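Asks: I'd like to ask you about the structure that follows.
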Amino acid sequence: MARFKKKKATGAQKINTSALPDIIFMLLFFFMVTTTMREVTLIVKVLPPEATEVQKLEKKSLVSYIYVGVPLKTQFGTESRIQLNDAFANPSDIAEFIASEREARDEADRKFLTTSIKADKDTRMGVITDIKQELRKVGAFKINYSSRKVASLSN
Amino acid sequence: MASREAPEINAGSMADIAFLLLIFFLVTTTMDIDTGITRKLPPPVEDDTEIDIKDRNIFKVLVSSSDRLMVEGEVSDIRTLREDVKEFMTNPNNLDDLPEKEMRFIENLGEIEVSKGVVSLKNDRGTSYEMYIKVQNELTAAFGELRDQLSQQFYGVKFTNLVNEDQRKAIQKAIPMAISEAEPENIGGN
Chain D
740 MARFKKKKAT
750 GAQKINTSAL
760 PDIIFMLLFF
770 FMVTTTMREV
780 TLIVKVLPPE
790 ATEVQKLEKK
800 SLVSYIYVGV
810 PLKTQFGTES
820 RIQLNDAFAN
830 PSDIAEFIAS
840 EREARDEADR
850 KFLTTSIKAD
860 KDTRMGVITD
870 IKQELRKVGA
880 FKINYSSRKV
890 ASLSN
Chain F
21 MASREAPEIN
31 AGSMADIAFL
41 LLIFFLVTTT
51 MDIDTGITRK
61 LPPPVEDDTE
71 IDIKDRNIFK
81 VLVSSSDRLM
91 VEGEVSDIRT
101 LREDVKEFMT
111 NPNNLDDLPE
121 KEMRFIENLG
131 EIEVSKGVVS
141 LKNDRGTSYE
151 MYIKVQNELT
161 AAFGELRDQL
171 SQQFYGVKFT
181 NLVNEDQRKA
191 IQKAIPMAIS
201 EAEPENIGGN
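Just so you know, the protein sequences line up as chains D and F, in that order.
The first sequence runs 740 to 894 under the numbering used here.
The second sequence runs 21 to 210 under the numbering used here.
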């Protein structure tokens with residue numbers, strides 16, 4: 740008659756670690772998927788000014804960006820230019836840009852849309868003023884002047 | 021003697037490889053948090069309706085094309101701007117040339133003095149963006165400090181650390197961020 744073998748109680752039992760890579764892979768994929776890479780390639784030089792009283796921009800999906808700065812390639816001149824999506828633009832193109840940005844969002848989210856102006860610190864206010872006037876015309880009132888947080892300003 | 025069973029591949033280092041990849045992604049992905057100064061633009065004006073505000077209630081800040089600062093008609097400095105704005109908004113000695121105050125009932129705070137002061141910011145087309153942000157920064161800081169003070173007084177914590185939404189709203193109402201930007205015009209000085 741067969742007898743059941745008595746289980747050995749002694750000795751450390753090996754934990755099955757074969758599922759560990761799966762868990763790690765899961766984490767890996769999570770990070771790969773969630774980290775959003777910058778969508779546009781900058782064609783203008785943008786070094787935002789420094790400020791101490793900055794706020795975080797929340798809900799990144801509800802932010803549209805306007806870049807302002809001197810073109811990286813000198814063949815496009817040395818004047819400050821506006822970059823919308825992947826191309827240079829004029830202030831008059833902003834209305835269309837905002838319209839398409841709104842179109843891409845949910846109807847309920849549209850009123851929370853923020854426009855972030857990422858401008859280089861050496862930009863003249865003339866360009867910024869033009870942008871602001873255009874934004875006012877199309878009713879995109881929430882704006883954010885992108886700036887780097889520093890502990891104190893050097894005067 | 022050849023083994024009859026298929027040899028098992030040692031998968032123990034698989035986790036290490038996956039860890040390596042994970043750490044690589046963790047390190048390389050810079051979650052660049054966008055920060056900036058948030059403002060609300062005024063709706064466009066239809067016609068030239070002059071809004072009548074008493075002169076004592078306006079704090080005029082002008083930034084010239086050469087990035088120089090003029091406050092209330094006098095040459096000023098960015099370093100004193102914050103204190104100037106704070107003094108203007110609080111009017112501690114109830115002076116005649118500083119803004120009026122109004123008793124207003126605000127939920128959670130009760131009757132409280134609210135300043136009628138407005139900071140008017142004007143800049144030239146030639147002003148540098150850096151200077152403009154500096155000025156905006158100082159204005160924000162001034163209002164922030166006033167809010168901190170009031171919040172400290174009522175709730176014992178700074179406004180920036182205040183979490184209760186109703187309390188935040190009350191403080192915001194008591195000290196509104198009254199910054200008005202003038203319609204653009206070329207004020208010259210090139």
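In this text, a Cβ means the ideal position worked out from N, Cα and C, and glycines have one as well.
Model, not experiment: these values are computed from the prediction.
Please identify, using Cβ separations under 9 Å, the residues of the region 856-880 of chain D that lie next to chain F, in order along the chain.
Replies: So the list reads Ile856, Lys857, Ala858, Asp859, Lys860, Asp861, Thr862, Arg863, Met864, Gly865, Val866, Ile867, Thr868, Asp869, Lys871, Gln872, Leu874, Arg875, Lys876, Gly878, Ala879, Phe880, given in the order they occur along the chain.
Asks: Does the CB of F:Tyr175 have a neighbour CB from chain D at under 8 Å?
Replies: Not closer than 8 Å to any Cβ of chain D, the Cβ of F:Tyr175 fails to qualify, so no.
Asks: Is it true that the region 138-152 of chain F meets the region 850-864 of chain D, where meeting means three or more beta-carbon pairs spaced less than 8 Å apart?
Replies: Yes, since at least three Cβ pairs between the region 138-152 of chain F and the region 850-864 of chain D fall closer than 8 Å, the two stretches touch.
Asks: Is any beta-carbon of chain D found at less than 8 Å from that of F:Glu133?
Replies: No, no contact with chain D.
Asks: What are the residues that DSSP puts in a beta bridge with F:Asn143?
Replies: Answer by DSSP bridge pairing, in chain order: F:Val83.
Asks: Which residues in the same chain as D:Val889 place their Cβ atom closer than 8 Å to its Cβ, once the five residues preceding and following it in sequence are excluded?
Replies: Excluding residues within five positions, the ones whose Cβ falls inside 8 Å are Glu789, Ala790, Thr791.
Asks: Less than 8 Å between C-beta atoms, sequence neighbours within five positions excluded: which residues of the same chain meet that for F:Ala202?
Replies: Result list for F:Ala202: Ser140, Leu141, Lys142, in chain order.
Asks: With 16 other CB atoms within 10 Å as the buried threshold, where does F:Lys154 fall?
Replies: The residue in question, F:Lys154, is buried, as its Cβ has 16 or more Cβ neighbours within 10 Å.
Asks: DSSP on D:Ala828, reduced to helix/strand/coil?
Replies: Strand at D:Ala828.
Asks: For D:Ser927, which residues of its own chain have a beta-carbon under 6 Å away from its beta-carbon, when the five flanking residues on both sides are left out?
Replies: Residue 927 of chain D lies beyond the residue range present for chain D, which begins at 740 and ends at 894; the question has no answer from this structure.
Asks: Would DSSP call F:Thr55 helix, strand or coil?
Replies: Note: F:Thr55 maps to strand in three-state DSSP.
Asks: Could you check the C-alpha separation between D:Lys799 and D:Lys871 for me, to the nearest Å?
Replies: C-alpha separation (whole angstroms): 21 Å.
Asks: Using C-beta distances below 6 Å, list every residue in its chain close to F:Ser96, excluding the 5 sequence neighbours before and after it, in chain order.
Replies: Hits under 6 Å: Leu89.
Asks: Are the C-beta of F:Met34 and some C-beta of chain D separated by less than 8 Å?
Replies: By this cut-off, F:Met34 is an interface position.
Asks: Are the C-beta of F:Gln172 and some C-beta of chain D separated by less than 8 Å?
Replies: So no, F:Gln172 is outside the interface.
Asks: Name the chain D residues whose beta carbon is nearer than 7 Å to that of F:Gln169?
Replies: Under the 7 Å cutoff, chain D gives no residues; its nearest Cβ is about 15 Å from F:Gln169.
Asks: Distance check for F:Phe125 and F:Arg188, CA to CA, integer angstroms please.
Replies: Approximately 15 Å, taken between the alpha carbons.
Asks: Have a look at D:Thr817 and D:Lys876 and give me their C-alpha separation to the nearest angstrom.
Replies: So the alpha carbons of these two residues sit roughly 28 Å apart.
Asks: In chain F, which residues lie less than 9 Å from D:Arg849 when you measure between Cβ atoms?
Replies: Ordered by position in chain F, no residue passes the 9 Å Cβ test against D:Arg849, which lies about 16 Å from the chain.
Asks: What does DSSP give as the partner residues of D:Ile882 in its beta bridges?
Replies: Bridge partners of D:Ile882: D:Thr854, F:Arg59.
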